[in-house]
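Just so it is clear: in the first sequence, position 398 is 522 by my numbering, and no numbers are missing.
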Amino acid sequence: MFEAENPSLKSVPLAVQQKHIIVTCNYEARRRVTGSPHHLHCSSLNSLISSTQGLRKLQLITEARKTCPEVVIVLGEELTRFRDASKLLYSFLRAFSWNDRAERLGFDEVSLCQVLRHEGYVGLIAANIQVWMDISDMVDYNIDVINRSDLQNSFFHLSREDPTVGFAFNATQYAGHTFPQSVIGDSTANDDSSSSLRLRLMLGSQLALHLRHQLEEVYGYTSTVGVSTSKLLSKLVGNTNKPRGQTTLIPPYDLDNTNESSIRAFLDDYEIGKIPYIGHKLAHKMREHILGRPARCDNYDAGFSDSESKELVTVGQVRQVPEMSVEFLNKLLVGPGFAHDSGSRIFALLHGVDDSEVAKGRNVPRQISIEDSYLRLDSMDHVVKELKMLASRLIERMRIDLTEARAGDEGDRHSKDDPSAAVRRWIGRPESLRLTTRPRMPINADGTRTRTFKRVSRSSPIPSFVFSLSENADIADRLVMEALIPLFKRLHPERRGWDLSLMNVAVTNMIDTASESKGATGRDIESMFKRQNTVLDEFRVKEEESLISTDVVPGGKDKGSMLEEPANGYYEDDAVSDASAEDFVYWCHACDQRMPAFAKVAHERFHDMSR
DNA sequence: CTGTTCAAG
DNA sequence: CTTTCTTGAACAG
Numbered sequence: 125m126f127e128a129e130n131p132s133l134k135s136v137p138l139a140v141q142q143k144h145i146i147v148t149c150n151y152e153a154r155r156r157v158t159g160s161p162h163h164l165h166c167s168s169l170n171s172l173i174s175s176t177q178g179l180r181k182l183q184l185i186t187e188a189r190k191t192c193p194e195v196v197i198v199l200g201e202e203l204t205r206f207r208d209a210s211k212l213l214y215s216f217l218r219a220f221s222w223n224d225r226a227e228r229l230g231f232d233e234v235s236l237c238q239v240l241r242h243e244g245y246v247g248l249i250a251a252n253i254q255v256w257m258d259i260s261d262m263v264d265y266n267i268d269v270i271n272r273s274d275l276q277n278s279f280f281h282l283s284r285e286d287p288t289v290g291f292a293f294n295a296t297q298y299a300g301h302t303f304p305q306s307v308i309g310d311s312t313a314n315d316d317s318s319s320s321l322r323l324r325l326m327l328g329s330q331l332a333l334h335l336r337h338q339l340e341e342v343y344g345y346t347s348t349v350g351v352s353t354s355k356l357l358s359k360l361v362g363n364t365n366k367p368r369g370q371t372t373l374i375p376p377y378d379l380d381n382t383n384e385s386s387i388r389a390f391l392d393d394y395e396i397g398k399i400p401y402i403g404h405k406l407a408h409k410m411r412e413h414i415l416g417r418p419a420r421c422d423n424y425d426a427g428f429s430d431s432e433s434k435e436l437v438t439v440g441q442v443r444q445v446p447e448m449s450v451e452f453l454n455k456l457l458v459g460p461g462f463a464h465d466s467g468s469r470i471f472a473l474l475h476g477v478d479d480s481e482v483a484k485g486r487n488v489p490r491q492i493s494i495e496d497s498y499l500r501l502d503s504m505d506h507v508v509k510e511l512k513m514l515a516s517r518l519i520e521r522m523r524i525d526l527t528e529a530r531a532g533d534e535g536d537r538h539s540k541d542d543p544s545a546a547v548r549r550w551i552g553r554p555e556s557l558r559l560t561t562r563p564r565m566p567i568n569a570d571g572t573r574t575r576t577f578k579r580v581s582r583s584s585p586i587p588s589f590v591f592s593l594s595e596n597a598d599i600a601d602r603l604v605m606e607a608l609i610p611l612f613k614r615l616h617p618e619r620r621g622w623d624l625s626l627m628n629v630a631v632t633n634m635i636d637t638a639s640e641s642k643g644a645t646g647r648d649i650e651s652m653f654k655r656q657n658t659v660l661d662e663f664r665v666k667e668e669e670s671l672i673s674t675d676v677v678p679g680g681k682d683k684g685s686m687l688e689e690p691a692n693g694y695y696e697d698d699a700v701s702d703a704s705a706e707d708f709v710y711w712c713h714a715c716d717q718r719m720p721a722f723a724k725v726a727h728e729r730f731h732d733m734s735r
């Protein structure tokens, strides 16, 4: 992102700092090797790695400066710019999709990834975000309409409606790199399914190249892409030509154990922990079992053991253990937190099989959380102060990510992007509030402290005043007093003796109010309309209640109460918490009815239906 | 629905 | 001070 804003930075080693560590860095910084040769002789695994590989993620700043004194360090505590850049790129890519299968993975990274399905997927990678895209339908369509007698001069259609939208390309070759580098079994594998897959992948790679060009032309972001038939394969193959390159995994894809499969060859040399969905817990269990019993040097960090030590365990090794079977893995991979189907899932992954779907794009996130870590947090005063900070930032995030400028009044440019403007409507409503802490362990007998990263949390229904669009600080303070402190006391009833290394406050259990309105079927609309009068009464009652007790009220559990489904919530500023001012905020001029704002969309739909 | 664990970046 | 700040999915009870 910094590079995109200032291209000259690409040649200087750049790192982003959060607290006392490097949280991410650019390729230049990762490439840098230290000039002092004695580092290479150092016996410490740690400094050996850092001296041979340049900067890493999660490296201490002190160590980073040692390995690369000329590194430019920028502060990265403020994540809004990253989020903005991420959102921009994501929505740009998503707009190309026909089926809206565009899944975002992370946003603070320097690479992105996309997918095509065998009868299925393609992949792509860019800057700042990782995204998978299922472009099967686009590939299908273009294969249907392609002119097979003149493949060199093909045209890729980016729109089904407008045949002029698209780009010219050569459908007889892959764009970018391939893996393996040269085509295997060129003459042998000319059977129908293999050659049709070849063509599909070629189209996928050409689309990927087009998207990468666009990303660079329009936003100045370089990108890296992997093209294959699943999320697993496209992501892995995308890593092979790392900065600013794209790679397509080419057939034969034979998954049956016979034959040479480029998938098998590609997968078998991977360290087990580098396979997506195999994190340090699963990797550890498998290493343990194939290395005989002991798993040394583990320290639950895949980053260490995979590099050069003898602990390197590959996919091939695991796959070839004699007892290998789904049942075997199911027995091996049990424990709290492991999915019930871990065994079969991992078995499939080891064989290059991943049938998980690319998730549909979302307009609202599932949850929003804000957290901060502390060297020392052991007094109630301090906790309250920090909770206010967190709550305020959370409210800000909610307004950015869960509201949009209200349609209709386009004239007011100011309110368009101002998240605190009164003229906004909520497109998502969280129903729960959660407070998480990470208590520091008490001091051991020998003076050391056993490090733990265990978190504990408590949650409660969210008070409705957080949806008011009045002054942020007011709402934040109230949220702390009426909801967060009670949660805190549930977590830590003792008034003293604790010391927290982290606090996180989150809104969860998100209701997507925008697509919720679409969910209502036509037949239901009329009954909804008939029900309106009773609903309106409830609305008034509930609002009065909410004025009196807005704190953690377990009473609001009755299903069907209006507070639970203000689906299409239009909220005038303060309309919720100050219901007395204006009980009915929408006035339908067609039938001269007044109603609460959240009823507006459904009501309009009612009129649409009867036309 | 609540609280925890794993995974990813 | 070998861990920052998130998000999403899944499980048990």
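The C-beta atom is built at its ideal place from N, Cα and C for all residues, glycine as well.
Proximity to residue i [Cα-Cα], best of the options
i: Leu357; options: Tyr345, Ser347, Val342, Leu373; result: Leu373
i: Leu615; options: Pro563, Val482, Tyr498, Ser319; result: Pro563
i: Tyr377; options: Pro446, Asn454, Thr353; result: Thr353
i: Asp224; options: Ser466, Asn487, Met513, Gln276; result: Asn487
i: Leu331; options: Ile259, Leu229, Ser347, Glu285; result: Ile259
i: Arg500; options: Pro617, Leu626, Glu528; result: Leu626
i: Leu611; options: Asn628, Ile599, Arg620; result: Asn628
i: His281; options: His334, Ser306, Leu212, Val580; result: His334
i: Leu217; options: Val477, Asp393, Tyr345, Leu406; result: Tyr345
i: Leu608; options: Asn596, Ser581, Asp623; result: Ser581
Pairwise C-alpha distance: residue j and residue i
i: Gly397; j: Pro460; result: 19 Å
i: Phe569; j: Arg575; result: The question names Phe, yet the displayed sequence has Ala at residue 569. Going by the C-alpha atoms only, they are around 14 Å apart.
i: Gln141; j: Ser497; result: 14 Å
i: Ala638; j: Arg517; result: 24 Å
i: Gly369; j: Arg324; result: 20 Å
i: Arg388; j: Arg443; result: 10 Å
i: Asn266; j: Phe279; result: 8 Å
i: Cys192; j: Ser594; result: 48 Å
i: Met257; j: Trp222; result: 10 Å
i: Leu100; j: Ser556; result: Residue 100 is absent from the structure shown; the chain starts at 125 and stops at 735.
i: Phe293; j: Gln276; result: 7 Å
i: Arg573; j: Pro566; result: 7 Å
i: Leu526; j: Thr288; result: 36 Å
i: Gly403; j: Asp465; result: 15 Å
i: His408; j: Gln441; result: 14 Å
i: Phe390; j: Ile399; result: 12 Å
i: Arg189; j: Ile145; result: 11 Å
i: Leu138; j: Lys512; result: 33 Å
Backbone secondary structure at residue i - three-state DSSP
i: Thr371; result: strand
i: Thr560; result: strand
i: Ser318; result: helix
i: Ser588; result: helix
i: Arg579; result: coil
i: Met565; result: coil
i: Met448; result: coil
i: Glu481; result: coil
i: Gly571; result: coil
i: Ile554; result: First, the amino acid is wrong: residue 554 is Pro here, not Ile. The answer is strand: DSSP assigns Pro554 an E or B state.
i: Phe462; result: coil
i: Val136; result: coil
i: Leu333; result: helix
i: Gly362; result: helix
i: Asn633; result: strand
i: Gly300; result: coil
i: Asp274; result: coil
i: His281; result: strand
i: Arg228; result: strand
i: Val507; result: helix
i: Leu415; result: coil
i: Ile470; result: helix
Residue environment, residue i, which counts as buried when at least 16 other CB atoms sit within 10 Å
i: Phe577; result: exposed
i: Met522; result: buried
i: Gly535; result: Summary for Gly535: the model assigns pLDDT 49, below 50, so the residue's position carries little reliability, and this model does not support an answer.
i: Gln297; result: exposed
i: Lys359; result: buried
i: Glu99; result: No statement about residue 99 is possible, as the shown extent of the chain runs from 125 to 735 and does not include it.
Identity of the residues DSSP links to residue i by a beta bridge
i: Gln183; result: Ile146
i: Thr438; result: Glu395
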